[in-house]
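Enquirer:
Protein chains: 2
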Amino acid sequence: MNIGEVAQASGVSAKMIRHYEEIGVIPKISRSMAGYRQYGEADVHMLRFVRQARELGFSMPEVKTLVGLWRNKRRKSGEVKKLALEHVVRLEAKIQQLSGMSKTLKHLAHCCKGDERPECPILDKLDSP
Amino acid sequence: MNIGEVAQASGVSAKMIRHYEEIGVIPKISRSMAGYRQYGEADVHMLRFVRQARELGFSMPEVKTLVGLWRNKRRKSGEVKKLALEHVVRLEAKIQQLSGMSKTLKHLAHCCKGDERPECPILDKLDSP
DNA sequence: TATAAACCTTCCCATCATAGTAAGGTCCAG
DNA sequence: CTGGACCTTACTATGATGGGAAGGTTTATA
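If you read the sequences in order, they're chains A and B.
Numbered according to this note's numbering, the first sequence spans residues 1 to 129.
Numbered according to this note's numbering, the second sequence spans residues 1001 to 1129.
Quick look at the structure:
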């Protein structure tokens, strides 16, 4: 398969496939005589893996580690699980942060009449220490 | 006040104050004869406002709009409230998205033994379509 | 067989908010 | 008057992604 075909099949853009190769998230692939990258079925799976790890919010360094584990048939599943649970912790922290913002804003908005007049507790609150 | 002092007082770095001025989030400030930016008390409030709007997750274009409303004494509080509530909607959507990721990961991690062996439903799941 | 379309390659640029650095000018205290 | 702390602009980088240009390859069609 050429890069366009594997991009289609995996859902990762050709642009990003080259980028992932360049930064070492996926290994360098063999080339045709003309220099075209040549992919097989396993590569479709690998790229799909990368895409889905990204969709779960893993950082690029984590994805790189995960791809290494995915390719290593002697991996310990404990390592994978550890990464996953650490990521859950970060996700929950982010959720807490966003919930805090949302709560604050909802409270401020609730205090604001929201009419034609200029008085606005939202603006008032935002410039005080 | 010079930029360092107002940075200290507002909690916005001098670097970012110059940047905000350049991209028009805050108005251009007057200069001393030597070209130094000269700030007053109101500018401390304005910068604090920008910082706190950012901390609530508003985008830069939104902050720009909010600063405009903050400076406009004939604003309608309804406009501010509308922006705030739209942002709440986006925050809640983001929270839903992250919650989905977290839930998926927790489920996968729960299914993974997490021991010395290579079998791992997390990795298996991530390369399937 | 010639050519055009549809690929591929590398390289460069842009995003966005933020930080760092360098080179040079200014202000103040000793 | 000099040293240090401040200021100025301008350039660089980040990280994941997209866009485009210039040029080579493959394939289908006239």
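Quick reminder that beta carbons are idealized off the backbone N, C-alpha and C, glycines included.
Starting from R37/A, follow its DSSP beta bridges and name the residues at the other end.
Expert: Residue 37/A sits at position 37 when you count from the first residue of the first sequence. Answer is R31/A.
Enquirer: Is C112/A near V1080/B, with beta carbons less than 8 angstroms apart?
Expert: Here residue 112/A corresponds to residue number 112 of the first sequence, with the count starting at 1. Here residue 1080/B corresponds to residue number 80 of the second sequence, with the count starting at 1. Against a cut-off of 8 angstroms, the Cβ pair of V1080/B and C112/A comes out as a contact.
Enquirer: What in chain A is Cβ-close to S1099/B, meaning under 7 angstroms?
Expert: Stepping through the second sequence from its first residue, residue 1099/B is reached at position 99. Residues of chain A passing the Cβ test: I95.
Enquirer: At which residues does the alpha helix (DSSP H) containing S59/A begin and terminate?
Expert: On the first sequence, position 59 is the one that residue 59/A refers to. Unbroken run through S59/A: none, as it is neither H nor E.
Enquirer: In chain B, what lies closer than 8 angstroms to K73/A by C-beta?
Expert: Locating residue 73/A in the first sequence gives position 73, counting from the first residue. Within chain B, the residues near K73/A are P1118.
Enquirer: Going by C-alpha to C-alpha distance, which of E5/A, D124/A and K15/A sits closest to N1072/B?
Expert: Counting from 1 along the second sequence, the entry for residue 1072/B is found at position 72. Among E5/A, D124/A and K15/A, the Cα nearest to that of N1072/B belongs to D124/A.
Enquirer: Would you check if the distance between the CB atom of P1121/B and the CB atom of R48/A is smaller than 8 angstroms?
Expert: If you number the second sequence from 1, residue 1121/B lands on position 121. If you number the first sequence from 1, residue 48/A lands on position 48. Cβ distance not < 8 angstroms, so P1121/B and R48/A don't count as in contact.
Enquirer: For K106/A, would you say it is in contact with chain B, using Cβ-to-Cβ distances shorter than 8 angstroms as the test?
Expert: As a position in the first sequence, residue 106/A is number 106, starting the count at 1. It does; some Cβ of chain B falls within 8 angstroms.
Enquirer: Figure out for me which residue from E1086/B, L1085/B and K1103/B has the closest Cα to the Cα of E92/A.
Expert: By 1-based counting over the first sequence, the position of residue 92/A is 92. For E92/A, the nearest C-alpha among the options comes from K1103/B.
Enquirer: Would you mind working out which of L66/A, R90/A, G114/A and N2/A sits nearest M33/A, comparing C-alpha positions?
Expert: Residue mapping note: residue 33/A aligns to position 33 of the first sequence, counting from 1. Nearest option by C-alpha distance: N2/A.
Enquirer: Determine the contact status of V63/A and V6/A, defining contact as a CB-CB distance below 8 angstroms.
Expert: Walking along the first sequence from the start, residue 63/A turns up at place 63. Walking along the first sequence from the start, residue 6/A turns up at place 6. Taking 8 angstroms as the Cβ cut-off, V63/A and V6/A do not qualify as a contacting pair.
Enquirer: According to DSSP, is R1018/B part of a helix, a strand, or is it coil?
Expert: Start at 1 with the first residue of the second sequence, and residue 1018/B comes out as number 18. Three-state DSSP puts R1018/B in a helix.
Enquirer: Is the Cβ of P1061/B closer than 8 angstroms to any Cβ of chain A?
Expert: Taking the second sequence and counting its residues from 1, the one referred to as residue 1061/B is at position 61. It does not: the Cβ of P1061/B has no partner Cβ on chain A nearer than 8 angstroms.
Enquirer: Three-state secondary structure (DSSP) at I23/A?
Expert: Translated into the one-based positions of the first sequence, residue 23/A becomes position 23. Three-state result, I23/A: coil.
Enquirer: Taking the continuous alpha helix (DSSP H) assigned at R90/A, which residues delimit it?
Expert: Here residue 90/A corresponds to residue number 90 of the first sequence, with the count starting at 1. It spans S77 to C111 - the alpha helix (DSSP H) in which R90/A sits, taken as one unbroken run.
Enquirer: So which of W1070/B, V1067/B and A1084/B has the shortest CA-CA distance to G1057/B?
Expert: Counting from 1 along the second sequence, the entry for residue 1057/B is found at position 57. Checked all of W1070/B, V1067/B and A1084/B; the closest Cα to G1057/B is A1084/B.
Enquirer: Hey, how far is the Cα of I1029/B from the Cα of K28/A?
Expert: In the second sequence, counting from the first residue as 1, residue 1029/B sits at position 29. In the first sequence, counting from the first residue as 1, residue 28/A sits at position 28. C-alpha separation (whole angstroms): 52 angstroms.
Enquirer: Give the interface partners of R1048/B over in chain A, defined as CB-CB distance under 9 angstroms, in chain order.
Expert: Within the second sequence, residue 1048/B is the residue found at index 48, counting from 1. Simply L126, D127, S128 and P129.
Enquirer: So is S1010/B buried or exposed if we call it buried at 16+ other beta carbons inside 10 Å?
Expert: If you number the second sequence from 1, residue 1010/B lands on position 10. Under this definition S1010/B is a buried residue.
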